[in-house]
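Every letter in the sequence shown is one number past the one before it in this note's numbering, and letter 451, counting from 1, is 1880.
Presented below is the structure to which this report refers.
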Amino acid sequence: MMTTSPACCGQSEVRGIFLINRLLHNKGFRLLIITTACFSLACTLLGLFISVRMQNTLESQIRTHILQEARSLLVDYEQDGLPELLHDVRERFELRDIDNLLYALRSPDGKVLFDKDIVHDRSSEDWYHTNHNPAVLVNVTRLEDGYALFVGERLTAIDDLKVLLRNNVLLFLGCTVLLSLVTGLLVTRNFMARVDEVTTATRLVGRHSLSNRLPVSPANDDFDRLAVAINGMLERIETLVHEIRHVTNSVAHDLRTPLSRVRQELELLSVTSDKDAARIERTISMLDSTLSTFTAMLQLAELESDPVPRQLQTVSLSNLVTNIVDLYRPDAEEKGQTLLLKEGQIPDMRGDPALLNQLIVNLVENAISYSGENSTVRIELSKDNHDNIILKVSDNGPGVSFDDAKKLLQPFFRADRSRTTSGTGLGLSIVKAIASLHNGEVKLNTSGQGLGVEVTFRRQLNSG
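And the structure:
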């Protein structure tokens, strides 16, 4: 016998809650609910109005019928007296015709003949309703000799009308609400599907896939017109970005070659001239820094121009981190720094090993360079409840301000305190680009002492 696991039930409940939450936050669905509620209220009020009007009309007809019957009896009473009236009432009482009419006669001493239940002690009223089920509408005619004639009719027709109207109104409202909800769900589903298409496409654009375009259907509806407008904007943005990258690459390539030659000439000059050797070495160091910047610019441009890693293979991020920490530990110890590595059990992932190695190197170098002497650099590797791999590099150095932290991932940005330290200002930008290529996300943490950089690689690229 097949059984449903608690995990599957839990996932179904989560999906159901997520769908309900999306529906409740969908403006179109909320508008549908409000419209359906207003329409249902209007139908209910209309049903009540029609019911009251029809009841009043029907009761008016019943009153006319009762008066006609009472006048018929009074004609005989006026012609032949009380004995004839008693005879006529007894005859009608015994026949019990199909008109649901009831009769009673009360003597001056209070004695009641025939349908005693319809007689009430309401001497001042000509019409009244009894509390029977169904109720009876009664007319009282007071005779000259002290007798009182009571003629009533059961309001069965009115009760039947109430039940009929109530059932029809409820049936109509139920069908209306059900039809509205089904229609609304179908319309909302189609609406949300189009929204998801636009959201997916724009997210791909946000991940540097500037060539991606929003889908356009032949329907030419509002979404299609919006998609056409956004696609035109994306095409213009893509053209401008390509032009900027082309100019940047050209400048970097054109300047790197002559600068490399100048460096070679300076190296030759330093060998033949002892007098200016120190100045030449400083100049070479400055040129090396400039060449490093150009190299980083070219690497960043290449990463951003290609949305998919070229050398995808199964990579052990744990091994990469361990090797890099061992490589940089001597450099850290020279500055009095401590490198601490904390590894959890993580699965292998799909990625470009060279790029992932560069990402880890940039993070570790950044922490060693800017955390200051005698600081502690922590490298942590773990996974969360969704099997996403998390790489975190943090230090207890001076850190950066909150405003500067928001700009650290921008190319060429350097905080004021780091301008005295050599660097290109592109290290974290390259980290962000490499992480994006591997479906990852970079977050900065400045809440505590120092700076923490956290890279999360989402589960779908993990091979385990």
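Ideal Cβ placement from N, Cα and C applies to all residues, glycine included.
Under DSSP, the beta-bridge partners assigned to Asn1568 are Trp1556 and Val1580. By the Cβ neighbour-count rule, Asp1509 is exposed, with fewer than 16 other Cβ atoms within 10 Å of its own. The DSSP-derived three-state label of Glu1870 is strand.
Counting along the chain, the unbroken beta strand (DSSP E) around Ile1818 starts and ends at Ile1818 to Asp1824. Judged by their CB atoms, Ile1797 and Asp1760 are nearer to each other than the 8 angstroms cut-off.
By the CB criterion at 8 angstroms, Asn1825 and Gln1774 fall outside the cutoff.
The region 1607-1627 and the region 1534-1547 do not touch, with fewer than three beta-carbon pairs separated by less than 8 angstroms.
Taking the Cα of Arg1500 as reference, the smallest distance to any Cα among Lys1861, Asp1653, Gln1766 and Leu1578 is reached at Leu1578. Excluding residues up to 5 positions away in sequence, Ser1823, Leu1880, Gly1881, Val1882 and Glu1883 lie with their Cβ nearer than 8 angstroms to the Cβ of Asn1874 in the same chain. Residue pairing of Tyr1532 in beta bridges, as defined by DSSP: Val1580.
In summary, Met1778 is buried, with 16 or more beta-carbon neighbours lying within 10 Å of its beta-carbon over all protein chains present. Exposed is the label assigned to Thr1585, since fewer than 16 other Cβ atoms lie within 10 Å of its Cβ. Excluding five sequence positions before and after Thr1605, the CB atoms of its chain that fall closer than 8 angstroms to its own CB belong to Thr1465, Phe1468, Ser1469 and Cys1472, given in chain order. The Cβ neighbour count for Arg1521, taken over all protein chains shown within 10 Å, is at least 16; the residue is labelled buried. In summary, Leu1477 is exposed, with fewer than 16 beta-carbon neighbours lying within 10 Å of its beta-carbon over all protein chains present.
The alpha carbon of Leu1502 has as its nearest neighbour, out of Thr1493, Leu1820, Glu1554 and Leu1515, the alpha carbon of Leu1515. The three-state reading of DSSP puts Glu1802 in coil, since its state is none of H, G, I, E or B. Counting only residues of its own chain and dropping the five nearest sequence neighbours on each side, Val1567 has a CB closer than 6 angstroms to the CB of Ile1547, Tyr1557, Phe1579 and Gly1581. Annotated three-state conformation of Ile1808 is strand, per DSSP.
Taking each of Val1624, Asn1803 and Gly1869 in turn and checking the Cα distance to Lys1764, the smallest one comes out for Asn1803. Only residues of its own chain outside the window of five on either side were considered, and among them Thr1875 have a CB closer than 7 angstroms to the CB of Phe1831, listed in chain order. Distances from the CA of Ile1495 to each of Val1569, Leu1810 and Gln1740 were compared; the closest alpha carbon is that of Val1569. For Gly1780, the number of other beta carbons within 10 angstroms of its own is at least 16, and it is reported as buried. With contacts defined by Cβ atoms closer than 8 angstroms, Val1624 and Leu1643 do not form a contacting pair. Here Lys1771 is exposed, its C-beta having fewer than 16 other C-beta atoms within 10 Å.
When rounded, the separation of the alpha-carbon atoms in Ala1533 and Leu1542 is 6 angstroms.
Glu1694 carries a helical assignment under DSSP once its states are collapsed to helix, strand and coil.
In the three-state reduction of the DSSP assignment, Glu1573 falls in the coil class, being assigned neither a helical nor a strand state. Secondary structure of Val1548 (DSSP, three-state): coil.
For the options Ser1747, Leu1639, Lys1861 and Leu1784, the alpha carbon positioned closest to that of His1671 is the one of Leu1639. Relative to Ala1706, the option among Leu1716, Met1715 and Leu1695 whose CA is nearest is Leu1695. In the structure shown, Thr1885 falls within a strand segment according to DSSP collapsed to helix, strand and coil.
Gln1742 sits exposed, since fewer than 16 C-beta atoms from the chains shown fall within 10 Å of its C-beta.
Within the region 1765-1800, the complete alpha helix (DSSP H) segments at least 4 residues long are 1782-1799, listed from N- to C-terminus. For Thr1751, the uninterrupted alpha helix (DSSP H) run begins and ends at Leu1746 to Glu1763, by DSSP.
If you draw a straight line from the Cα of Leu1460 to the Cα of Gln1497, it is about 55 angstroms long.
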